[in-house]
Amino acid sequence: MATVTYDHVTKEFGDTKAVNDLALDIQDGEFMVLVGPSGCGKTTALRMLAGLEKVSDGRILIGDRVVNNVAPQHRDIAMVFQSYALYPHMTVFDNLAFGLRNQKIPKKDIDQRVRRAVDILDLGPLVKRKPKQLSGGQRQRVALGRAIVREPAAFLMDEPLSNLDAKLRVQTRAEILKLQNTLGTTTIYVTHDQVEAMTMGHRIAVMSLGVLQQVGSPEDVYTDPVNVFVAGFIGSPAMNLVPAPLLDGAGGQDRIAGFRPEHIDLGNGRADAIAFTARVEVVEYLGDEQLVHMTRKDTPLQAKLPVEEKLGLGQEAEFSVPRDKLLLFDAQTQQRVRA
Amino acid sequence: MAVAVAKRRQARGLGNERTREALVGYGFVALPMAFFLLFFIFPVGYAFYISRYNWQIFKGPYVGWGNYRTLYHDAVFWHHAVRNTLVYTVFVVPLQMALGLALAVVVNQSIRFRTFFRAAFYFPSLAASAAIASIATYILASDGLFNTVLHHLGYHHTNAWFTQENTALPSIIGLNAWTTSGTMMLFYLASLQAIPVDVYEAAAIDGAGAWRTFWKVTFPLLKPGHFFVLVVSIIGSLQMFDQAFLIGGASGGPNYSTMTVVLYLYNQAIKSISFGYAAAVGVVLFAFIFTVTLIQRLLFGRAEVA
């Protein structure tokens with residue numbers, strides 16, 4: 001196990017800065033999630049840590065060792081790829097043992113370590129099969145196993161769940177978390193799925209256009225976003241971000257008001273709430289609650305309300321949002337403005 | 340009742356749709372299939388038909404298996420043509436494959452002037468075999484470039500390589516391994532590029548060096564490529580004619596040392612005007628190549644292709 005440090009790391013592809021001055025400290029044993037939309041630089045950041053991409057500027061440290069010029073195999077890391085990248089001609093056992101054989105570890109120890117990984121991931125009946133004889137979920141577990149047997153300083157995971165169906169994704173998410181808790185290995189996990197980020201990471205690092213936007217616990221990032229991008233990216237359904245004058249008393253022209261759908265109440269609410277009327281356009285029934293799509297002065301808004309509150313389509317209704325749940329951002333800089 | 344009728348109509352409509360789709364499909368394959376039948380299957384059948392006659396310029400009397408019986412006892416065919424062709428195949432195929440694979444691995448790297456190297460390595464495959472044979476005759480002459488270089492290296496070889504019984508066939512083997520390596524490179528390059536990059540990245544993180552990655556990852560994953568190159572290479576070698584003809588002449592000289600099965604077939608057909616006998620040689624060669632290809636298919640097909 002080890003700490004991982006991105007010390008003002010930049011990666012350029014021609015004129016494009018895929019990662020721009022990334023400064024991030026990852027603690028020993030921490031589960032850090034890099035999250036952001038496609039092209040935000042999160043995978044490039046991970047690949048630089050793995051040694052699969054050269055660093056253009058800055059330093060990457062694993063523990064206290066600068067690894068900029070260290071070959072991937074000497075970085076003491078293991079990586080789980082989005083495509084799993086299993087060796088198609090090898091059995092599950094050989095896939096798991098390949099890395100250990102390369103290190104010239106005695107056969108007895110290899111067998112022992114592979115058996116342990118097989119037991120942890122419940123791969124026992126599959127050891128003699130080849131990858132194409134496995135389901136997506138099983139391949140995923142083999143890819144995890146290949147990382148575990150190495151007993152590395154850090155696990156690097158590049159969107160490992162994105163090829164799984166929704167149900168299996170939730171199940172495997174829990175398995176990865178359990179595994180990380182058991183092994184306590186520093187893990188850097190890349191995803192574009194903010195739900196995955198929120199549910200898995202001890203901390204999450206939100207990236208956009210190659211720039212790190214915010215790092216913090218899922219709760220911090222959710223409740224206290226530093227800018228419009230983070231506010232809009234984290235949370236599902238997304239935060240309502242509207243010009244502040246749309247809500248009476250929220251702010252001036254130079255402000256953007258942000259409030260989460262679950263913070264909207266039906267009716268004029270508490271004394272310190274900002275009330276507004278809006279026209280109900282669509283109601284999505286979600287079982288335990290309902291998602292109401294509405295418009296106020298042609299601006300779309302979303303509210304998450306209890307299912308008991310009945311709303312008719314086209315109805316003009318009064319809603320409110322507590323003032324302490326209202327976040328304000330500078331319309332020009334897009335940064336958070338604190339009272 | 341009305342529902343049943345509607346369903347029947349719908350089923351009929353679906354049937355018509357399927358028939359039309361099938362007809363379009365057959366339409367697309369009809370032309371290539373016609374060419375295949377006309378230029379590949381028909382000649383095989385016709386050659387077999389000819390081989391059953393004492394066919395010279397015109398059709399002669401029916402001899403049944405006579406040509407095949409004569410061929411069975413033909414010492415020149417077995418001791419020289421077949422032997423040389425097999426020796427040539429046994430040596431040239433591994434050479435072609437190894438050289439083709441090595442070149443493909445080189446030009447698959449991210450190196451400068453990669454396109455130039457690809458074109459340069461492929462060039463010998465494009466050049467006319469007559470031109471290459473002529474130049475090679477000069478280079479391998481008694482006072483040619485090759486012997487001069489050998490002389491400077493301390494080896495004294497004064498004979499022309501193509502005119503000596505013991506060096507003529509090996510020289511053709513070396514020459515052809517070089518000229519065909521570009522084509523083999525192209526086949527291997529296509530196979531190499533079909534291997535996903537992330538498998539190599541996984542191998543790099545797993546600590547496999549370049550050599551180990553090649554033998555443990557690349558080489559086994561090239562299995563479909565190996566099969567294809569092997570089949571093409573063996574078929575091409577068993578059909579070797581042009582270099583032998585250009586270098587050793589129609590007589591396969593010196594002393595039959597460059598006589599091959601197809602050259603022998605040519606001699607029977609063109610020099611001896613014995614088309615029936617030549618056709619029998621062709622049919623035997625076809626049967627041999629067909630059997631070898633089937634065996635290869637069984638060997639490679641049984642094992643799992645990644």
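Here the protein sequences come in this chain order: A and B.
Residue numbers for the first sequence follow our numbering, beginning at 1 and rising by one.
Residue numbers for the second sequence follow our numbering, beginning at 340 and rising by one.
We treat Cβ as the ideally placed atom computed from N, Cα and C, and that holds for glycine.
Please read all numbers here as calculations on a predicted model, not as lab measurements.
In the pairwise beta carbon analysis, the region 560-572 of chain B is classified as touching the region 522-529 of chain B: at least three pairs are separated by under 8 angstroms.
Across the set B:Trp417, B:Thr358, B:Gly399 and B:Pro400, the C-alpha of B:Trp417 shows the shortest separation from the C-alpha of Leu604 of chain B. With a contact defined as Cβ atoms closer than 8 angstroms, Met294 of chain A and Ala278 of chain A qualify at about 4 angstroms.
Boundaries of the alpha helix (DSSP H) harbouring Ile478 of chain B: Ser468 to Ile478, taken from the DSSP string. The C-beta of His293 of chain A comes no closer than 8 angstroms to any C-beta of chain B. Around Gly546 of chain B, the beta-carbon contacts reaching into chain A at under 7 angstroms are Gln73, Gly99, Asn102 and Gln103. Bridge pairing for Ile264 of chain A: absent [DSSP]. Using a Cβ-Cβ cut-off of 7 angstroms, Tyr87 of chain A is close to Val538 and Val556 of chain B, given in chain order.
Look at Glu284 of chain A here: in three-state DSSP terms it is strand.
About 5 angstroms separates the Cβ atoms of Leu266 of chain A and Glu309 of chain A, confirming a contact at the 8 angstroms cut-off. Nearest C-alpha to Gln133 of chain A among A:Met200, A:Pro88, A:Ala303 and A:Asp25: A:Pro88. For Thr454 of chain B, the uninterrupted alpha helix (DSSP H) run begins and ends at Arg453 to Leu465, by DSSP.
No Cβ of chain A is located within less than 8 angstroms of the beta carbon of Arg422 of chain B. Nearest C-alpha to Met579 of chain B among B:Phe430, B:Lys555, B:Thr497 and B:Leu560: B:Phe430.
In the DSSP annotation of this structure, His293 of chain A is not part of any alpha helix (DSSP H); the continuous beta strand (DSSP E) holding it starts and ends at Glu289 to Arg296. With a 10 Å radius around the Cβ and a threshold of 16 neighbouring Cβ atoms, Gln607 of chain B comes out buried. Boundaries of the alpha helix (DSSP H) harbouring Asn181 of chain A: Ala166 to Leu183, taken from the DSSP string. For Glu289 of chain A, the closest alpha carbon among the candidates A:Thr191, A:Phe81 and A:Ile264 is that of A:Ile264. By the C-beta density criterion, Glu30 of chain A is buried, having at least 16 other C-beta atoms within 10 angstroms. Proximity of Ile188 of chain A to chain B, defined by a Cβ-Cβ separation below 8 angstroms, is not satisfied. Annotated three-state conformation of Lys107 of chain A is helix, per DSSP.
The beta carbon of Val114 of chain A sits closer than 7 angstroms to those of Phe93, Leu96, Ala97 and Val149, all from its chain and outside the five residues before and after it, given in chain order.
The beta carbon of Phe81 of chain A sits closer than 6 angstroms to the beta carbons of Asp158 from its chain, once the five residues preceding and following it are set aside; these are given in chain order. Counted as a single uninterrupted DSSP element, the beta strand (DSSP E) harbouring Glu318 of chain A occupies residues Glu316 to Pro322.
Chain B has a Cβ within less than 8 angstroms of the Cβ of Phe81 of chain A. Here the alpha carbons of Met200 of chain A and Leu177 of chain A stand approximately 7 angstroms from one another. For Glu196 of chain A, the secondary structure class from DSSP, reduced to helix, strand or coil, is helix. Near chain B, meaning a CB-to-CB distance below 7 angstroms, no residue of the region 34-49 of chain A qualifies. The beta carbon of Ala541 of chain B sits closer than 8 angstroms to some beta carbon of chain A.
In the structure shown, the three-state DSSP call for Ile234 of chain A is coil.
Look at Ile77 of chain A: its C-beta is under 8 angstroms from a C-beta on chain B. Val228 of chain A carries a helical assignment under DSSP once its states are collapsed to helix, strand and coil. When the Cα atoms are used, Asp122 of chain A and Gln171 of chain A turn out to be separated by approximately 14 angstroms. If the five residues before and after Leu161 of chain A are omitted, its C-beta is found closer than 6 angstroms to the C-beta atoms of Arg169 and Thr172, all from its own chain and listed in chain order. Within 10 angstroms of the beta-carbon of Asn486 of chain B lie 16 or more other beta-carbons, which makes it buried.
Collapsing the DSSP output to three states places Phe485 of chain B in a helix.
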